[in-house]
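K.L.:
Just passing along the structure, written as structure tokens.
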Amino acid sequence: MRAMLLEAPRQPLRLVDLPVPKPNPEQVLIRIHACAVCRTDLHIVDGELTHPKLPLILGHQIVGTVEAVGERVKNFNVGKRVGVPWLGHTCDRCRYCLSHRENLCDYAEFTGYHLDGGYAEYTVADYRYCFEIPAGYPDMQAAPLLCGGLIGYRAYRMTGDTEKIGFYGFGSSAHILIQLARYQGRQVFAFTRSGDTQGQEFARHLGANWAGDSDELPPEPLDAAIIFAPVGKLVPAALRAVAKGGVVVCAGIHMSDIPSFPYEILWEERVLRSVANLTRQDGEEFLTLAPQVPIRTEVNLFGLSEANEALDALRSGKIEGSAVLFT
Ligand SMILES: [Zn+2]
Ligand SMILES: [Zn+2]
Numbered sequence: 001m002r003a004m005l006l007e008a009p010r011q012p013l014r015l016v017d018l019p020v021p022k023p024n025p026e027q028v029l030i031r032i033h034a035c036a037v038c039r040t041d042l043h044i045v046d047g048e049l050t051h052p053k054l055p056l057i058l059g060h061q062i063v064g065t066v067e068a069v070g071e072r073v074k075n076f077n078v079g080k081r082v083g084v085p086w087l088g089h090t091c092d093r094c095r096y097c098l099s100h101r102e103n104l105c106d107y108a109e110f111t112g113y114h115l116d117g118g119y120a121e122y123t124v125a126d127y128r129y130c131f132e133i134p135a136g137y138p139d140m141q142a143a144p145l146l147c148g149g150l151i152g153y154r155a156y157r158m159t160g161d162t163e164k165i166g167f168y169g170f171g172s173s174a175h176i177l178i179q180l181a182r183y184q185g186r187q188v189f190a191f192t193r194s195g196d197t198q199g200q201e202f203a204r205h206l207g208a209n210w211a212g213d214s215d216e217l218p219p220e221p222l223d224a225a226i227i228f229a230p231v232g233k234l235v236p237a238a239l240r241a242v243a244k245g246g247v248v249v250c251a252g253i254h255m256s257d258i259p260s261f262p263y264e265i266l267w268e269e270r271v272l273r274s275v276a277n278l279t280r281q282d283g284e285e286f287l288t289l290a291p292q293v294p295i296r297t298e299v300n301l302f303g304l305s306e307a308n309e310a311l312d313a314l315r316s317g318k319i320e321g322s323a324v325l326f327t
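The C-terminal residue of the sequence shown carries number 327 in full-length UniProt numbering, and the numbering is unbroken.
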């Protein structure tokens, strides 16, 4: 099979020919049709997330069809269309797994980080962590739902029942979650890189009530904000934008250092928190909601061998919506 391989951090991926992997008793073999590109992939390539499996096949937003099943796999027949997310395995025994917080499992293994992922023609995945893809979504449009959608949804859920919500960074996650927020009757305020008028136009086109630069204050105080961009200086900016009792959620897995800030912008019961990974319940909930809205993803397609170009485009902010590799 063809695969794009990361052999060491800070090196371009290399197109290689590898044997098709064999599923173990709990795994399914998947013929990959699409794999969306995530900012986390960039953090791994750039060495900001340390100790990946090496060499590694990146990619944790995989859509494909089952081609073979291990002997203990249940309810996953050959030909079924499945999605593989970031959460690839948990221990089922640690205190987090035993308290419905498997996203924090001490022994979690993540797809495209500890386990080979979707920048390839085939992959194997533990069937207990795969999702059914809702009918009506073509493969390419479904792929970004699996991280930009799922983990974005977990961050969105942490903001509670809010009326006015701000999104800092208007990429794959924000362009998906704005559709859910508007569907639920919320007002959305989109913050982009300074001067990104195209991104701001894209946000307004998807229903943002206001769009502006991330160093601007919104026209009125927000109830909550989600920071999708990996930029620490957005934390004090977002705290300044939320009203008393407001919540600021950091949704990314990596962020540059947060500059010091005066206590008064946290005072009055503002809450600052992060969100890590996903639980399978987040996935089931979100993939049930997505077709009800219905959420439509804006995808920029790249061939598998163009994975480096896709990563570069994401790094330089050239992707409107989500980048997706097809095989
Ligand atoms: Zn565990
Ligand atoms: Zn991701």
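We put the CB at the ideal spot given by N, CA and C, even for glycine. Since the structure is predicted, the reported quantities are computational estimates derived from the model, not experimental observations.
Once you ignore the five residues that flank residue 223 on each side, which residues in its own chain have a CB closer than 6 Å to its CB?
P.N.:
Counting from one through the sequence shown, the residue named residue 223 turns up at place 223. The answer, listed in chain order, is 162, 163, 164, 246.
K.L.:
Would you mind giving the Cβ-Cβ distance between residue 67 and residue 29, rounded to the nearest angstrom? I have them listed as a contact below 8 Å.
P.N.:
Working through the sequence shown from its first residue, we reach residue 67 at position 67. Working through the sequence shown from its first residue, we reach residue 29 at position 29. That belief holds up - the Cβ atoms of residue 67 and residue 29 are roughly 5 Å apart, short of 8 Å.
K.L.:
So, does the stretch 304 to 311 touch the stretch 6 to 17, judging by three or more C-beta pairs under 8 Å?
P.N.:
Because the criterion of three Cβ pairs below 8 Å is met, the stretch 304 to 311 and the stretch 6 to 17 touch.
K.L.:
Just list the residues that DSSP pairs residue 206 with in beta bridges.
P.N.:
Numbered from its first residue, the sequence shown carries residue 206 at position 206. Answer is none; residue 206 lacks a bridge partner.
K.L.:
Using CA atoms only, rank isn't needed, just tell me which of 182, 174, 316, 120 is closest to residue 191.
P.N.:
By 1-based counting over the sequence shown, the position of residue 191 is 191. The residue with the shortest Cα to Cα distance from residue 191 is 174.
K.L.:
With a cut-off of 8 Å, do at least 3 Cβ pairs link the stretch 284 to 292 to the stretch 149 to 161?
P.N.:
At 8 Å Cβ cutoff, the stretches touch.
K.L.:
Do the CB positions of residue 189 and residue 208 come within less than 8 Å of each other?
P.N.:
Taking the first residue of the sequence shown as position 1, residue 189 is located at position 189. Taking the first residue of the sequence shown as position 1, residue 208 is located at position 208. Going by C-beta atoms, residue 189 is nearer than 8 Å to residue 208.
K.L.:
Going by other Cβ atoms of all chains shown within 10 Å of its Cβ, with 16 needed for buried, is residue 23 buried or exposed?
P.N.:
The residue you call residue 23 lines up with position 23 of the sequence shown. By the neighbour-count rule (16 or more Cβ atoms within 10 Å), residue 23 is buried.
K.L.:
Measuring alpha carbon to alpha carbon, tell me which of 126, 172, 185, 181 ends up nearest residue 26.
P.N.:
The count along the sequence shown starts at 1 and reaches residue 26 at position 26. The candidate whose alpha carbon is nearest that of residue 26 is 126.
K.L.:
Pull up the distance between the alpha-carbon of residue 221 and that of residue 1, whole angstroms please.
P.N.:
Translated into positions along the sequence shown, residue 221 becomes position 221. Translated into positions along the sequence shown, residue 1 becomes position 1. If I take the Cα positions, the gap works out to 52 Å.
K.L.:
Short check: CB of residue 268 to CB of residue 233, under 8 Å?
P.N.:
In the sequence shown, counting from the first residue as 1, residue 268 sits at position 268. In the sequence shown, counting from the first residue as 1, residue 233 sits at position 233. Not a contact, by the Cβ cut-off of 8 Å.
K.L.:
Taking residue 187 as part of the beta strand (DSSP E), name the residues at either end of that continuous run.
P.N.:
Working through the sequence shown from its first residue, we reach residue 187 at position 187. 187 to 192 is the span of the beta strand (DSSP E), which, as asked, contains residue 187.
K.L.:
I'd like to know whether the C-beta atoms of residue 101 and residue 252 end up nearer to each other than 8 Å.
P.N.:
Counted from its first residue, the sequence shown places residue 101 at position 101. Counted from its first residue, the sequence shown places residue 252 at position 252. No. Outside cutoff.
K.L.:
For the stretch 223 to 297, list the beta strand (DSSP E) runs that are entirely contained and at least 3 residues long, ordered along the chain.
P.N.:
Qualifying beta strand (DSSP E) stretches, in chain order: 242 to 250, 271 to 274.
K.L.:
If we ignore side chains and look at the alpha-carbon of each, how far apart do residue 149 and residue 77 end up?
P.N.:
As a first step, residue 149 must be located in the sequence shown, where it is residue number 149. As a first step, residue 77 must be located in the sequence shown, where it is residue number 77. Taking the straight line from one Cα to the other gives about 26 Å.
K.L.:
Alpha carbon to alpha carbon, what distance is there between residue 95 and residue 141?
P.N.:
Taking the sequence shown and counting its residues from 1, one reaches residue 141 at position 141. Taking the sequence shown and counting its residues from 1, one reaches residue 95 at position 95. Cα-Cα distance, rounded: 36 Å.
K.L.:
Considering only DSSP beta bridges, list what residue 27 is partnered with.
P.N.:
Along the sequence shown, read from residue 1 onward, the residue named residue 27 stands at position 27. In the DSSP output, where bridge partners are listed per residue, residue 27 has 126.
K.L.:
For the candidate residues 146, 134, 186, whose alpha-carbon lies nearest to that of residue 159?
P.N.:
Taking the first residue of the sequence shown as position 1, residue 159 is located at position 159. Nearest C-alpha to residue 159: 186.
K.L.:
Starting from the N-terminal side, write out each stretch of the alpha helix (DSSP H) that is 4 residues or longer and does not extend beyond the stretch 34 to 83.
P.N.:
Here the runs fully enclosed are 39 to 45.
K.L.:
What are the boundary residues of the beta strand (DSSP E) that includes residue 133?
P.N.:
Position 133 of the sequence shown holds residue 133. Premise fails: residue 133 is in no beta strand (DSSP E) and is neither H nor E.
K.L.:
When you get a sec, list the residues whose CB is within less than 7 Å of any heavy atom of ligand 1, chain order please.
P.N.:
Qualifying residues come out as 90, 91, 92, 93, 94, 96, 97, 102, 105, 106, 107, 108.
K.L.:
In the DSSP assignment, find the beta strand (DSSP E) that holds residue 17 and state where it starts and stops.
P.N.:
On the sequence shown, residue 17 is found 17 positions in, with the first residue counted as 1. Element bounds for residue 17: 14 to 17.
K.L.:
Name the two residues that bound the continuous beta strand (DSSP E) containing residue 172.
P.N.:
Taking the first residue of the sequence shown as 1, we reach residue 172 at position 172. Taken as a continuous stretch (DSSP letters only), residue 172 belongs to no beta strand (DSSP E), being part of the alpha helix (DSSP H) at 172 to 183.
K.L.:
Using only the heavy atoms of ligand 2, determine whether one of them is closer than 7 Å to the beta carbon of residue 151.
P.N.:
Mapped onto the sequence shown, residue 151 falls at position 151. Yes - ligand 2 has a heavy atom lying nearer than 7 Å to the Cβ of residue 151.
K.L.:
Go ahead and label residue 75 buried or exposed: buried means 16 or more other beta carbons lie within 10 angstroms of its beta carbon, across all protein chains shown.
P.N.:
Residue mapping note: residue 75 aligns to position 75 of the sequence shown, counting from 1. Burial call: exposed.
K.L.:
With a cut-off of 8 Å on the beta carbons, I'd call residue 88 and residue 129 a contact; round off their distance for me.
P.N.:
The residue you call residue 88 lines up with position 88 of the sequence shown. The residue you call residue 129 lines up with position 129 of the sequence shown. Confirmed, about 6 Å.
K.L.:
In terms of DSSP beta bridges, what is residue 89 paired with?
P.N.:
Within the sequence shown, numbered from 1, the residue matching residue 89 stands at position 89. Note: residue 89 sits in a beta bridge opposite 109.
K.L.:
Between residue 33 and ligand 2, is there a pair consisting of the residue's CB and a ligand heavy atom that are separated by less than 7 Å?
P.N.:
For the purposes of this step, residue 33 is taken as the residue at position 33 of the sequence shown. No, since every heavy atom of ligand 2 falls outside the 7 Å radius drawn around the Cβ of residue 33.
K.L.:
Would you check if there are 3 or more beta carbon pairs closer than 8 Å linking the stretch 104 to 115 to the stretch 43 to 60?
P.N.:
Result yes; three or more Cβ-Cβ pairs closer than 8 Å.
K.L.:
Is the distance from the Cβ of residue 144 to the Cβ of residue 178 below 8 Å?
P.N.:
On the sequence shown, residue 144 is found 144 positions in, with the first residue counted as 1. On the sequence shown, residue 178 is found 178 positions in, with the first residue counted as 1. Cβ distance not < 8 Å, so residue 144 and residue 178 don't count as in contact.
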